[in-house]
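Written out below as structure tokens is the structure these notes cover.
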Amino acid sequence: MSRYVPEDVETKWQRIWEEGGHFHVEADPSRPKYYVLEMFPYPSGRIHMGHVRNYSIGDVVARFKRMEGHNVLHPMGWDAFGMPAENAAIKNKLHPAAWTISNIDSMRVQLQRLGYSYDWRREIATCHPGYYVHEQRFFLKFLEKGLVYRKHSPQNWCETCGTVLANEQVIDGCCWRCDQLVVQKDLEQWFLRITDYAEELLADLDKLVGGWPERVLTMQRNWIGKSVGAEITFPLAAPLGGTDGADGITVFTTRPDTLFGATFMSLAAEHPLVASLIAGKPQEAAVTAFVDKVRNLDRIVRSADDLEKEGVFTGAYCVNPATGREIPIYVANFVLMGYGTGAVMAVPAHDQRDFEFARKYDLPMQVVIQPEGATLNAASLEAAYVDPGVLVASGEFSGMQNEAAKSAIIDWLDGSGRGKKSINYRLRDWNISRQRYWGAPIPVIYCEKCGIVPVPDVDLPVELPRDLALMPDGRSPLPHAPSFTDVACPLCGGKARRETDTLDTFFESSWYFARYASAREQDRPFDPAELAYWLPVDQYIGGIEHAILHLLYSRFFVKALRDCGLIAFDEPFANLLTQGMVIKDGSKMSKSKGNVVDPDLMIGKYGADTVRVFILFAAPPEKDLEWSDTGIEGASRFLSRLWRLATEELAGLLTPVAPCATAESLGLDGLPPLFAELRRREHATAAKAGADIRERFQFNTAIAAAMELVNFLYANVEALRAEPKGAKAVSSAVGTLLAVLSPIAPHICEELWQSLGHKTLLIEQPWPAHDPSALVTDTVDIVVQVCGKLRGKISVARDASNADVERAALAEVNVVKHIEGKTIRKVIVVPGKLVNVVAN
RNA sequence: GCCGGGAUGGCGGAAUUGGUAGACGCAGCGGACUCAAAAUCCGCCGGUCGCAAGGCCUUGGGGGUUCGAGUCCCCCUCCCGGUACCA
7 MSRYVPEDVE TKWQRIWEEG GHFHVEADPS RPKYYVLEMF PYPSGRIHMG HVRNYSIGDV
67 VARFKRMEGH NVLHPMGWDA FGMPAENAAI KNKLHPAAWT ISNIDSMRVQ LQRLGYSYDW
127 RREIATCHPG YYVHEQRFFL KFLEKGLVYR KHSPQNWCET CGTVLANEQV IDGCCWRCDQ
187 LVVQKDLEQW FLRITDYAEE LLADLDKLVG GWPERVLTMQ RNWIGKSVGA EITFPLAAPL
247 GGTDGADGIT VFTTRPDTLF GATFMSLAAE HPLVASLIAG KPQEAAVTAF VDKVRNLDRI
307 VRSADDLEKE GVFTGAYCVN PATGREIPIY VANFVLMGYG TGAVMAVPAH DQRDFEFARK
367 YDLPMQVVIQ PEGATLNAAS LEAAYVDPGV LVASGEFSGM QNEAAKSAII DWLDGSGRGK
427 KSINYRLRDW NISRQRYWGA PIPVIYCEKC GIVPVPDVDL PVELPRDLAL MPDGRSPLPH
487 APSFTDVACP LCGGKARRET DTLDTFFESS WYFARYASAR EQDRPFDPAE LAYWLPVDQY
547 IGGIEHAILH LLYSRFFVKA LRDCGLIAFD EPFANLLTQG MVIKDGSKMS KSKGNVVDPD
607 LMIGKYGADT VRVFILFAAP PEKDLEWSDT GIEGASRFLS RLWRLATEEL AGLLTPVAPC
667 ATAESLGLDG LPPLFAELRR REHATAAKAG ADIRERFQFN TAIAAAMELV NFLYANVEAL
727 RAEPKGAKAV SSAVGTLLAV LSPIAPHICE ELWQSLGHKT LLIEQPWPAH DPSALVTDTV
787 DIVVQVCGKL RGKISVARDA SNADVERAAL AEVNVVKHIE GKTIRKVIVV PGKLVNVVAN
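As structure tokens, this is what we get:
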């Protein structure tokens with residue numbers, strides 16, 4: 007047989023699988039379905055090792071589940087809108103569409119070279135009008151339902167990208183994509199009411215426990231940031247009260263039990279009441295200066311590690327609704343307009359931040375909660391007391407436990423309209439407007455007379471014009487293209503202007519997983535029957551970096567589309583696997599570090615199967631994987647060994663026998679014990695690799711198990727060849743080896759399977775069903791400990807009684823030495839495993 | 001600060017329910033083959049003492065539970081990830 011030439015083997019089988027349509031899949035209610043999905047890539051031009059890892063993991067799962075008899079949906083597509091296309095287009099004088107499509111074409115070839123078992127008939131590209139027309143309809147449906155709205159407010163603005171960002175897309179005060187510092191800019195934008203779903207998004211995380219990594223659930227919980235407390239209104243003190251339409255300042259607090267200790271009020275610099283509070287007061291100039299300073303320093307300093315707490319008195323007072331006392335109103339740099347109401351009732355005795363602030367500005371402090379067995383004194387307090395205790399100086403509530411006092415005080419306030427129970431979320435509504443060209447147009451029209459008018463369904467999709475030249479500064483050309491913007495109002499026929507913002511690209515990725523179920527459906531986004539069969543995704547696989555952004559948006563979208571009657575499930579991804587990064591020399595691969603390993607080069611040098619084996623063998627999926635040039639040599643060596651084993655060492659011996667064939671059919675009787683041992687190892691390999699893949703996604707140990715079987719076969723080649731009657735047993739073992747490795751290294755296994763004389767394809771074989779009784783041996787090795795220390799090993803019959811095992815253990819030579827002159831206190835026998843002799 | 005996760009040979013990692021620590025691979029060392037090299041095959045490969053049999057030590061550090069702890073409990077150190085004035 008010929009030398010192992012990966013390229014020949016791989017192109018051969020890729021062609022056969024492709025021509026046979028072997029990975030095409032149709033819904034079949036008579037069979038159990040399995041939907042495995044890897045996060046689709048942005049078509050940047052070349053795949054990188056992170057993709058190879060992600061898609062290799064997914065492909066093993068897909069191929070394995072097929073072998074286990076599932077009807078497996080395993081699709082691939084392209085997250086094809088986004089800024090890199092615009093940048094590249096400007097640089098290379100190419101249209102973003104042309105750049106994107108050519109990238110998709112070359113990346114598809116790369117993926118196909120790796121032998122991934124996708125149903126390519128379902129391929130989607132989000133920049134295709136046939137895709138985004140559906141999300142334009144979603145948008146209009148959301149608009150109709152009030153789930154999407156327009157709002158004017160300060161927005162996160164990235165100067166480099168020339169567009170706004172959602173809160174989730176601001177990382178450490180910088181743009182998630184380009185790391186540019188984000189600034190605030192007043193703009194009117196489209197928002198999606200994700201906050202309407204905050205409670206469900208939080209509660210349903212419990213349904214994902216067990217299926218999703220705990221840390222992703224925690225990150226989402228923290229991001230949603232639910233706080234239970236109260237909204238309490240502090241009336242403004244005369245002469246301000248009621249004079250300017252503002253009755254008071256409403257705060258959100260999680261500690262209504264400390265209300266009697268609120269001795270001043272802190273407002274955010276951006277709080278709308280600040281201007282009217284200071285108007286005409288001596289403090290006006292100082293406050294204005296402070297507000298300007300805080301707002302200008304904004305993000306930069308506010309994101310600094312420990313910004314000094316500062317504030318300034320407004321000259322105005324409000325009234326603590328519990329004590330009736332007037333308290334001063336401050337503007338403070340640590341109060342955020344974006345959380346709660348932008349106003350905080352300050353309780354310095356029981357909040358560390360307020361404590362520091364009060365000490366700095368010499369503000370009064372009132373202890374209202376006393377710990378058990380101690381008496382706090384405001385004057386001598388060294389830090390805020392934040393733990394539970396009993397209320398004091400709190401009117402009728404004095405003497406209550408503080409936890410009970412929370413609801414008691416809320417009820418008391420509620421009775422007189424001064425406050426109410428309130429739940430606050432950290433989660434903000436999702437800003438979906440982007441001032442970019444290469445995205446899906448937002449399908450509305452602004453009419454001078456009629457206002458905001460949805461684009462009528464017959465006019466959908468609003469296609470992104472492809473004949474526009476990009477602006478050299480990277481700004482969107484859409485607002486400057488009359489052919490796009492100038493339209494007649496669909497309602498009155500009058501002069502109107504088309505919306506020129508496009509949708510955040512996370513809009514596309516929030517529903518693509520459902521589109522695969524019926525990717526070519528034209529008039530509607532989904533075929534309900536297909537959706538009902540395939541969704542939700544059984545196993546989703548991707549990087550941890552999407553723990554919040556994409557995964558939260560997708561969860562929200564599913565719920566929103568469900569409430570629009572378009573889908574009928576609650577959560578998109580039943581199980582989530584977050585794979586670690588591929589690193590080199592200790593850090594993430596990047597051009598600037600010059601440590602990038604190109605998958606294509608590796609495939610060219612070693613073949614796709616070797617690349618797959620290495621990337622799956624080097625680390626378990628959740629951990630970061632250090633790329634190793636010698637490590638991939640090892641993977642290559644292993645496949646060559648496998649090849650030589652089947653084509654040289656055991657040549658002439660191998661026949662088309664079913665993997666894990668029955669003992670009777672192999673005719674083991676009368677053969678040397680080696681053959682029974684081979685069969686035991688064959689079945690153990692199938693059992694171990696199956697469990698590792700099925701239950702733990704632990705491909706590294708599955709591969710290790712296969713390597714052990716290969717090593718065993720090599721070690722016994724001579725003896726195996728010497729017994730022609732054992733040929734069937736050897737063939738069964740080799741067949742099992744190939745079947746077990748086939749999800750991981752599909753091409754070489756298919757080729758060797760054929761070389762065994764099989765007429766069927768290996769990809770159509772079931773996973774080898776091991777016979778549990780084949781794993782049982784006549785004798786078992788037992789380790790013998792004396793006082794917990796290993797002193798010897800004995801071999802006993804599998805069904806030996808504990809007494810027999812104990813007797814044998816105590817007779818072991820080295821054990822005898824160690825118990826000599828001692829009294830045996832106790833003997834512990836763990837059947838089949840171990841004996842521990844306790845003696846002193 | 002808070003919340004997760006982690007620390008095992010020279011390296012990547014294994015040990016699934018508390019039961020032989022170091023599977024498998026990489027690197028290294030020795031040998032066979034070869035004029036030689038590559039490739040391949042065989043052997044060794046945590047530290048330490050010992051001719052050997054075998055002993056002692058060893059899973060970041062310290063304590064504990066247990067016949068027995070990498071695994072469970074408590075304390076500490078360090079590393080990684082997330083998050084951070086959230087009222």
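Under the working numbering, read the first sequence as residues 7 to 846, first letter to last. By construction, the Cβ of each residue, glycine as well, lies at the ideal position given by its N, Cα and C atoms. Note that the structure is a prediction, hence the values are computed from the model and not measured.
Inset, instruction - Starting from Q407, follow its DSSP beta bridges and name the residues at the other end. - result: On the first sequence, residue 407 is found 401 positions in, with the first residue counted as 1. Answer is V396, bridged to Q407.
Legend entry - Cutoff 8 Å; reference V716; Cβ partners in own chain excluding five residues on either side: Translated into positions along the first sequence, residue 716 becomes position 710. F644, R647, L648, L651, L743.
Legend entry - the region 359-371 touching the region 254-261, judged by at least three CB pairs closer than 8 Å: no
Legend entry - Reduced DSSP category for V543 - H, G, I as helix; E, B as strand; rest coil: Position 537 of the first sequence, counted from the first residue, corresponds to residue 543. Strand, per DSSP.
Inset, instruction - State the DSSP-derived secondary structure class of P752, mapped to helix, strand or coil. - result: As a working mapping, residue 752 is identified with position 746 in the first sequence. P752 falls in the helix class under three-state DSSP.
Inset, instruction - Pull up the DSSP beta-bridge partners for F240, would you. - result: One-based indexing of the first sequence puts residue 240 at position 234. BP columns for F240 point to I255.
Inset, instruction - Give, in chain order, every unbroken run of the alpha helix (DSSP H) that is at least 4 residues long and sits entirely within the region 714-770. - result: 723-727, 733-747, 752-761
Legend entry - Beta carbon of V189 nearer than 8 Å to that of V176: What you label residue 189 is simply residue 183 of the first sequence in a count that begins at 1. What you label residue 176 is simply residue 170 of the first sequence in a count that begins at 1. In this structure, V176 does not lie closer than 8 Å to V189 by Cβ.
Inset, instruction - Taking 8 Å as the cut-off, decide whether the C-beta atoms of A751 and D635 are in contact. - result: Here residue 751 is taken as the residue at index 745 of the first sequence, counted from 1. Here residue 635 is taken as the residue at index 629 of the first sequence, counted from 1. Not in contact: A751 and D635 (Cβ atoms no closer than 8 Å).
Inset, instruction - At 4 residues or longer, and completely inside the region 786-831: list those alpha helix (DSSP H) runs for me, N to C. - result: 808-817, 819-825
Inset, instruction - Output yes or no for whether 8 Å exceeds the beta carbon distance between Q142 and A624. - result: As a first step, residue 142 is located in the first sequence; it is residue number 136 there, counting from the start. As a first step, residue 624 is located in the first sequence; it is residue number 618 there, counting from the start. For Q142 and A624, no; Cβs fall outside 8 Å.
Inset, instruction - To the nearest angstrom, report how far apart N228 and F340 are at their CA atoms. - result: As a first step, residue 228 is located in the first sequence; it is residue number 222 there, counting from the start. As a first step, residue 340 is located in the first sequence; it is residue number 334 there, counting from the start. Roughly 20 Å between the two C-alpha positions.
Legend entry - Three-way DSSP call (helix, strand, coil) for V459 in this model: To locate residue 459, count along the first sequence from 1; it is residue 453. Reduced to three states, the DSSP call for V459 is strand.
Inset, instruction - Please say whether P288 and G317 have beta carbons closer to each other than 8 Å? - result: For the purposes of this step, residue 317 is identified with residue 311 of the first sequence, where counting begins at 1. For the purposes of this step, residue 288 is identified with residue 282 of the first sequence, where counting begins at 1. Taking 8 Å as the Cβ cut-off, G317 and P288 do not qualify as a contacting pair.
Inset, instruction - Tell me where the alpha helix (DSSP H) around F270 begins and ends. - result: Residue 270 sits at position 264 when you count from the first residue of the first sequence. Element bounds for F270: not the alpha helix (DSSP H) but the beta strand (DSSP E), 270-273.
Legend entry - Enclosing beta strand (DSSP E) for Y138 [first to last residue]: Looking up residue 138 in the first sequence gives position 132. Element bounds for Y138: not the beta strand (DSSP E) but the alpha helix (DSSP H), 135-150.
Inset, instruction - Quick one: give me the first and last residue of the alpha helix (DSSP H) that L567 is part of. - result: Reading the first sequence from its first residue, position 561 is the one you call residue 567. Residues 555-569.
Inset, instruction - In the DSSP assignment, find the beta strand (DSSP E) that holds F197 and state where it starts and stops. - result: Taking the first residue of the first sequence as 1, we reach residue 197 at position 191. Element bounds for F197: 188-198.
Legend entry - Cα-Cα separation between L419 and L382, rounded to whole angstroms: In the first sequence, counting from the first residue as 1, residue 419 sits at position 413. In the first sequence, counting from the first residue as 1, residue 382 sits at position 376. Going from the Cα of L419 to the Cα of L382 covers about 27 Å.
Inset, instruction - Determine the closest residue to K315 out of S596, N430, A538, S272, with distance taken between C-alpha atoms. - result: Numbered from its first residue, the first sequence carries residue 315 at position 309. Taking only the C-alpha atoms, the option nearest K315 is S272.
Legend entry - Segment limits, beta strand (DSSP E) that includes M351: For the purposes of this step, residue 351 is taken as residue 345 along the first sequence, with counting starting at 1. First-last of the beta strand (DSSP E) with M351: 349-352.
Inset, instruction - Since I believe V782 is in contact with Y41 (beta carbons under 8 Å), could you give me their beta-carbon distance rounded to a whole number of angstroms? - result: Working through the first sequence from its first residue, we reach residue 41 at position 35. Working through the first sequence from its first residue, we reach residue 782 at position 776. Rounded, the Cβ-Cβ distance is 38 Å, inconsistent with contact.
Legend entry - Nearest-angstrom Cβ-Cβ length linking D125 and F29, presumed shorter than 8 Å: For the purposes of this step, residue 125 is taken as residue 119 along the first sequence, with counting starting at 1. For the purposes of this step, residue 29 is taken as residue 23 along the first sequence, with counting starting at 1. With a Cβ gap of about 5 Å, D125 and F29 count as contacting.
Inset, instruction - Only counting runs of 4 or more residues, tell me where the alpha helix (DSSP H) segments fall wholly within the region 356-402, in order along the chain. - result: 358-367
Inset, instruction - Tell me, please, which residues DSSP counts as bridged to F579. - result: Working through the first sequence from its first residue, we reach residue 579 at position 573. Answer is V543.
Legend entry - Simplified DSSP assignment, three categories, for D210: Position 204 of the first sequence, counted from the first residue, corresponds to residue 210. D210: helix per DSSP, three-state reduction.
Legend entry - Those residues which DSSP pairs with W418 across a bridge: For the purposes of this step, residue 418 is identified with residue 412 of the first sequence, where counting begins at 1. Partner(s): none; W418 has no beta bridge.
Legend entry - Under the three-state DSSP convention, the category I177 falls into: The residue given as residue 177 occupies position 171 in the first sequence. It is a strand residue.
Legend entry - K315 - DSSP class collapsed to helix/strand/coil: Here the question's residue 315 lines up with position 309 in the first sequence. DSSP places K315 in coil when its eight states are reduced to three.
Inset, instruction - Give a yes or no on whether the C-beta atoms belonging to E468 and V461 are separated by under 8 Å. - result: Walking along the first sequence from the start, residue 468 turns up at place 462. Walking along the first sequence from the start, residue 461 turns up at place 455. Sequence inspection shows Val at residue 468; the Glu mentioned does not correspond to that position. For V468 and V461, yes; Cβs fall inside 8 Å.
Legend entry - Residues near R4 by beta carbon distance below 7 Å, same chain, minus five either side: With the chain represented from 7 up to 846, any question about residue 4 goes unanswered, as that position is not in the structure.
Legend entry - For L43, three-class secondary structure by DSSP: Here the question's residue 43 lines up with position 37 in the first sequence. L43: strand per DSSP, three-state reduction.
Inset, instruction - With a 10 Å radius around its C-beta and 16 neighbouring C-beta atoms as the bar for buried, classify R618 as buried or exposed. - result: Looking up residue 618 in the first sequence gives position 612. Flag for R618 reads buried.
Inset, instruction - For K287, name the three-state secondary structure that DSSP assigns. - result: Taking the first residue of the first sequence as 1, we reach residue 287 at position 281. Correct three-state label for K287: coil.
Inset, instruction - Identify the continuous alpha helix (DSSP H) that holds Y612 and give its terminal residues. - result: Residue mapping note: residue 612 aligns to position 606 of the first sequence, counting from 1. Run containing Y612: 605-612, per the alpha helix (DSSP H) assignment.
Legend entry - Residue span of the alpha helix (DSSP H) that contains E332, given as start and end: Stepping through the first sequence from its first residue, residue 332 is reached at position 326. Here E332 belongs to no alpha helix (DSSP H); instead the beta strand (DSSP E) covers 332-338.
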